[in-house]
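Colleague:
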Amino acid sequence: MLSVKDLDLGCKTVFLRVDFNVPLDENGNIRNDARIRAALPTLEYLLDKGARVVAASHLGRPKGKVNPKLSLKPVAIRLAELIPQDVIFSPDCIGGQVDCLKQGLGCGHVLLLENLRFHAEEKENDFEFARALAWKIDYFVNDAFGTCHRAHTSVVAIAQFVKKAVAGFLVEKEVECMEGLIHAPEKPFTAILGGAKVSDKIPVIRNLIDKADDILIGGAMAYTFFQALGKDTGRSLVEQDKVELALSLLNEAKAKGVNFHLPQDHVIAESMTATAPSEILIDFPFPKDRMALDIGPRTVEAYGEIIQKSRTIFWNGPMGVFEINQFARGTDGVAAAVADSEAMSVVGGGDSVAALYKAGVQDRISHISTGGGASLEYLANETPPGSRPYRRNNMTLTNATPFIAGNWKMYKTVAEADELVAKLLAASADMMEAEVVVIPPFTALSKVNQTLCESPIQLGAQNMYWEDQGAFTGEISPPMLVEAGCQYVVIGHSERRQYFGETNETVNKKIKASLAHGLLPIMCLGESLQERENNETMAKVERQLSEGLAGLTPEQFSRVIIAYEPIWAIGTGLTATPEQAQDVHAFIRENLSENYGNTACSCAIILYGGSVKPANTFSLLKKEDINGALVGGAALESGSFIEIVKESIRAYKEK
Ligand code: PEP
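If you want the numbering used here, it's the position in the sequence shown, counting the first as 1, plus 76.
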């Protein structure tokens with residue numbers, strides 16, 4: 077993952093996504109400023125380095141509407157008390173006034189934007205909103221771990237509009253901690269999970285069954301498990317539709333030899349109130365009118381013993397109705413036991429963390445996560461979208477470096493794809509001066525994306541449908557590709573035009589849909605042998621361009637890559653001569669400039685494809701209008717693909 081330390085910051089404008097979602101009291105005063113303090117190391121680092129910092133956060137749930145009670149203004153005031161300088165506050169997060177404030181911001185100064193969630197688009201990972209937020213921004217720094225599990229605009233989409241997107245110190249620290257828990261927990265590893273619903277914790281329990289030695293369950297969710305075991309739990313909260321699943325989790329834990337612990341005694345009462353008489357019960361059945369509201373003292377003791385023997389502890393979720401004193405003893409007891417243990421302890425989730433503070437033991441925990449949901453998602457074996465490494469910027473497309481994309485077509489199993497990409501990664505230092513994209517089959521996208529992780533090599537897909545979702549059996553939508561980690565998508569490959577009825581019209585729809593979702597289309601076009609022999613090459617290309625790109629604005633066009641691939645040269649071993657290719661490339665550039673202007677067209681990336689090999693790359697790429705290659709057969713083997721990339725870099729240097 078790129079770090080804030082990788083940025084050359086002097087006077088650059090940085091969008092710093094922080095999590096200033098602080099608890100407020102009924103008068104709008106900040107009850108606890110821990111989240112503001114947690115962001116200070118990154119903020120101070122940026123300011124020290126002379127960056128202009130545009131900080132942004134959400135606060136509460138304003139549901140896309142301005143709500144003065146959820147303004148970040150009190151946060152701006154608090155922040156100004158914590159750092160040795162003024163904080164400029166912007167009354168909105170996008171628009172003319174903000175743009176002026178951004179432009180007037182001095183180096184080493186900070187501007188805090190108003191609540192991002194006053195705009196509904198924030199939660200929609202919206203492309204246009206992202207563009208507005210990123211106006212005049214050089215770099216994006218994500219330091220909002222608590223929001224990393226949300227694919228929201230200021231967490232994910234914005235990264236595509238900046239020169240570099242990196243993690244701040246807080247996100248780095250959290251990710252490092254979660255990675256340690258997942259990959260190298262010292263044993264015995266105990267996971268303590270509480271809270272109301274099993275449904276919130278299913279993926280994490282599933283994954284922990286493979287990793288933890290003991291799983292301690294508390295909170296109302298325990299009673300869904302008890303139901304699964306056939307116990308009568310009175311009026312305790314039970315998720316009836318999850319009972320079967322709870323049983324399967326219990327069986328899975330048993331089969332894998334994990335100690336899955338449920339409470340041994342229970343604090344029960346008639347209602348969830350501070351005055352309701354409560355009692356401790358050991359055996360089932362519960363009285364019909366009672367519900368369990370906390371774990372009992374026996375359970376606290378038994379859980380405490382397991383906690384003491386642990387070397388690694390993860391805790392998320394209260395053991396009872398923690399807000400009411402008489403049902404808080406279980407949570408308090410677990411907090412004390414975790415604090416007393418010598419294990420590496422990680423605690424996430426608002427209530428568990430609040431219990432630590434209440435008990436005054438927060439300093440005795442190895443790591444208090446600022447993201448309850450994000451840490452759960454991490455442990456459920458999903459890298460939260462906002463903490464996935466942001467790859468090299470792909471929105472400011474430039475042909476200043478060669479662009480080489482490897483189309484693996486319908487080749488490679490997942491394991492083979494992963495092996496190939498690992499070999500490419502090993503050579504990535506040699507490929508830094510080129511933009512490199514791999515385009516595996518759909519089945520391998522997620523795996524390859526995971527492996528590519530921190531590298532600058534980017535990911536593309538070979539095709540997609542234009543609708544977001546629906547009854548289109550067998551098709552893949554743009555959001556699915558985004559979810560799989562793609563930045564690029566090939567549209568209108570000649571094999572699709574030839575075998576699958578792709579037309580200029582469908583190409584046009586797909587290009588528009590890909591752009592709407594932040595995917596960069598690589599639009600293929602080219603003539604058949606017969607068309608070349610009949611001197612129809614330019615007419616064919618012209619038609620493909622005008623129909624394929626119909627209705628695109630110059631801005632949209634600036635995000636399209638063109639690949640000229642004469643059909644007769646694809647997979648045949650025949651290559652267009654550098655002169656033949658250059659002629660068509662020059663024609664394409666000229667043709668486009670009529671619609672999109674000279675600047676857009678001189679910046680456009682136009683690739684050549686058709687039997688590109690290490691031996692012909694240099695002569696092709698040396699041609700003025702050839703900016704890179706779409707490589708098929710020669711991309712299936714790491715050695716030849718790496719050689720092609722190196723040859724393209726050499727050609728560019730000599731151009
Ligand atoms: C391609 O698949 O786009 C291609 C150009 O293939 P090849 O390099 O094998 O001709």
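Using N, Cα and C, we set each Cβ at its ideal position, and we do this for glycine too.
Bear in mind the structure is a predicted one, so any value in this text is a computation, not a measurement.
Confirm, please, whether the CB-CB distance from N97 to L135 is below 8 Å.
Modeller: Position 59 of the sequence shown, counted from the start, is the residue given in the question as residue 135. Position 21 of the sequence shown, counted from the start, is the residue given in the question as residue 97. Yes, they are a contact pair.
Colleague: Given 7 Å as the limit, tell me if L496 has its C-beta closer than that to any heavy atom belonging to the ligand PEP.
Modeller: Sequence index remark: in the sequence shown, residue 496 carries index 420 (1-based). No, the Cβ of L496 stays beyond 7 Å of every heavy atom of the ligand PEP.
Colleague: Determine the extent of the alpha helix (DSSP H) in which Y454 is found, giving its start and end residues.
Modeller: Taking the first residue of the sequence shown as position 1, residue 454 is located at position 378. Per DSSP, Y454 belongs to the alpha helix (DSSP H) from 448–455.
Colleague: What residues in its chain sit with their C-beta under 6 Å from that of M471, if we drop five residues either side in the sequence?
Modeller: In the sequence shown, the residue the question calls residue 471 occupies position 395. Since pLDDT at M471 reaches only 43, below the 50 mark, its modelled position is unreliable, and the value read off the structure follows with that caveat. So the qualifying residues of the chain are Q236, F237.
Colleague: Out of A208, P138, N143, which has the shortest C-alpha to C-alpha gap to D175?
Modeller: As a position in the sequence shown, residue 175 is number 99, starting the count at 1. For the residues A208, P138, N143, the minimum Cα distance to D175 belongs to A208.
Colleague: With a 10 Å radius around its C-beta and 16 neighbouring C-beta atoms as the bar for buried, classify G172 as buried or exposed.
Modeller: One-based indexing of the sequence shown puts residue 172 at position 96. Burial call: exposed.
Colleague: Out of curiosity, what's the CA-to-CA distance linking A481 and S695?
Modeller: Numbered from 1 along the sequence shown, position 405 holds the residue referred to as residue 481. Numbered from 1 along the sequence shown, position 619 holds the residue referred to as residue 695. Taking the straight line joining both Cα atoms gives about 18 Å.
Colleague: Does the beta-carbon of M486 have 16 or more other beta-carbons within 10 angstroms, so that it is buried, or is it exposed?
Modeller: Locating residue 486 in the sequence shown gives position 410, where the first residue counts as 1. Exposed.
Colleague: What do you get for N469, buried or exposed, if any count of 16 or more other CB atoms within 10 angstroms of its CB means buried?
Modeller: Locating residue 469 in the sequence shown gives position 393, counting from the first residue. Here the model assigns N469 a pLDDT of 43, short of 50, so the residue's position is not dependable, and the following value carries that caveat. Note on N469: 16 or more other CB atoms within 10 angstroms of its CB, so buried under the neighbour-count rule.
Colleague: Counting only runs of 3+ residues fully inside the region 285–331, write out the beta strand (DSSP E) ranges in chain order.
Modeller: 290–293
Colleague: Please determine whether the Cβ atom of N483 lies at a distance below 7 Å from any heavy atom of the ligand PEP.
Modeller: Here the question's residue 483 lines up with position 407 in the sequence shown. At least one heavy atom of the ligand PEP is nearer than 7 Å to the Cβ of N483, so yes.
Colleague: Please specify which runs of the alpha helix (DSSP H), each continuous and at least 4 residues long, are wholly inside the region 203–280, giving them in chain order.
Modeller: Runs of the alpha helix (DSSP H) inside the region 203–280: 203–209, 245–259.
Colleague: Looking at the ligand PEP, does it come within less than 7 Å of A691, judged from the CB to the closest heavy atom?
Modeller: Against the sequence shown, residue 691 aligns to sequence position 615. No, the beta carbon of A691 sits no closer than 7 Å to any heavy atom of the ligand PEP.
Colleague: Rounded to whole angstroms, what's the CA-CA distance from G673 to P630? Just pull it up for me.
Modeller: If you number the sequence shown from 1, residue 673 lands on position 597. If you number the sequence shown from 1, residue 630 lands on position 554. Cα to Cα, G673 sits roughly 8 Å from P630.
Colleague: Using 8 Å for Cβ pairs, my map puts E120 next to I159. What's the rounded Cβ distance?
Modeller: What you label residue 120 is simply residue 44 of the sequence shown in a count that begins at 1. What you label residue 159 is simply residue 83 of the sequence shown in a count that begins at 1. Confirmed, Cβ separation roughly 7 Å.
Colleague: Under DSSP, the beta strand (DSSP E) around F390 begins and ends at which residues?
Modeller: Translated into positions along the sequence shown, residue 390 becomes position 314. Segment 388–392, the beta strand (DSSP E) holding F390.
Colleague: Should G715 be counted as a contact of the ligand PEP given a C-beta to heavy atom distance under 7 Å?
Modeller: Locating residue 715 in the sequence shown gives position 639, where the first residue counts as 1. G715: no, Cβ never under 7 Å from the ligand PEP.
Colleague: Which residue marks the beginning of the beta strand (DSSP E) containing R635, and which one marks its end?
Modeller: In the sequence shown, counting from the first residue as 1, residue 635 sits at position 559. Looking at the DSSP string, R635 is not in any beta strand (DSSP E), and its letter there is neither H nor E.
Colleague: Under 7 Å: does the beta carbon of H185 sit that close to some heavy atom of the ligand PEP?
Modeller: Here residue 185 refers to the residue found at position 109 when the sequence shown is read from its first residue. Because no heavy atom of the ligand PEP lies under 7 Å away, the Cβ of H185 does not count as near it: no.
Colleague: Ignore the nearest five residues each way along the sequence and tell me which others in G449's own chain have a CB closer than 7 Å to its CB.
Modeller: Indexing the sequence shown from 1 puts residue 449 at position 373. H225.
Colleague: Measure the alpha-carbon distance for A210 versus F633 and round it to whole angstroms.
Modeller: Along the sequence shown, read from residue 1 onward, the residue named residue 210 stands at position 134. Along the sequence shown, read from residue 1 onward, the residue named residue 633 stands at position 557. Roughly 19 Å between the two C-alpha positions.
Colleague: If you draw a straight line from the C-alpha of S724 to the C-alpha of G568, how long is it?
Modeller: For this step, residue 724 is matched to residue 648 along the sequence shown. For this step, residue 568 is matched to residue 492 along the sequence shown. Straight-line Cα distance between these residues: approximately 24 Å.
Colleague: Below 8 Å, how does it come out for the region 137–145 and the region 266–276: are there three or more Cβ pairs, yes or no?
Modeller: In this structure the region 137–145 does not lie against the region 266–276, because fewer than three pairs of beta carbons, one per stretch, are closer than 8 Å.
Colleague: Got a sec: does the ligand PEP put a non-hydrogen atom nearer than 7 Å to the Cβ of E641?
Modeller: Position 565 of the sequence shown holds residue 641. Yes, the beta carbon of E641 sits closer than 7 Å to at least one heavy atom of the ligand PEP.
Colleague: Does the Cβ of L706 lie closer than 7 Å to at least one heavy atom of the ligand PEP?
Modeller: By 1-based counting over the sequence shown, the position of residue 706 is 630. Correct: L706 has its Cβ closer than 7 Å to the ligand PEP.
Colleague: Using the DSSP secondary-structure output, state which residues sit across from I567 in a beta bridge.
Modeller: Taking the sequence shown and counting its residues from 1, one reaches residue 567 at position 491. Paired residues: M599.
Colleague: Which one of E453, S417, L452 has the shortest CA to CA distance from V437?
Modeller: Residue mapping note: residue 437 aligns to position 361 of the sequence shown, counting from 1. Checked all of E453, S417, L452; the closest Cα to V437 is S417.
Colleague: So what does DSSP say about E670, is it helix, strand or coil?
Modeller: Locating residue 670 in the sequence shown gives position 594, where the first residue counts as 1. DSSP places E670 in helix when its eight states are reduced to three.
Colleague: Sorry if obvious, but does the Cβ on G647 come closer than 7 Å to a heavy atom of the ligand PEP?
Modeller: Reading the sequence shown from its first residue, position 571 is the one you call residue 647. G647 Cβ: within cutoff of the ligand PEP.
Colleague: So does the region 346–361 actually touch the region 399–416, counting three or more Cβ pairs closer than 8 Å?
Modeller: yes
Colleague: Along the chain, where does the alpha helix (DSSP H) that runs through E495 open and close?
Modeller: In the sequence shown, residue 495 corresponds to position 419, counting from 1. Following the DSSP letters along the chain, one finds E495 inside the alpha helix (DSSP H) bounded by residues 490–502.
Colleague: For S522, which residues of its own chain have a beta-carbon under 6 Å away from its beta-carbon, when the five flanking residues on both sides are left out?
Modeller: Residue numbering aside, residue 522 sits at position 446 when the sequence shown is read from its first letter. Taken in chain order, the residues that qualify are A560.
Colleague: Candidates S312, V319, D359: which alpha carbon is nearest S275's?
Modeller: Within the sequence shown, residue 275 is the residue found at index 199, counting from 1. Minimum Cα distance to S275 is reached at V319.
Colleague: According to DSSP, simplified to helix, strand and coil, what is M471?
Modeller: For the purposes of this step, residue 471 is taken as residue 395 along the sequence shown, with counting starting at 1. Confidence in M471 is poor, its pLDDT being 43 and thus under 50, which makes the residue's placement too unreliable to answer from.
Colleague: If you draw a straight line from the C-alpha of Q384 to the C-alpha of T223, how long is it?
Modeller: The count along the sequence shown starts at 1 and reaches residue 384 at position 308. The count along the sequence shown starts at 1 and reaches residue 223 at position 147. Their backbone Cα atoms lie some 32 Å apart in a straight line.
Colleague: Does the Cβ-Cβ distance between A431 and P373 come in under 8 Å?
Modeller: As a first step, residue 431 is located in the sequence shown; it is residue number 355 there, counting from the start. As a first step, residue 373 is located in the sequence shown; it is residue number 297 there, counting from the start. Cβ distance not < 8 Å, so A431 and P373 don't count as in contact.
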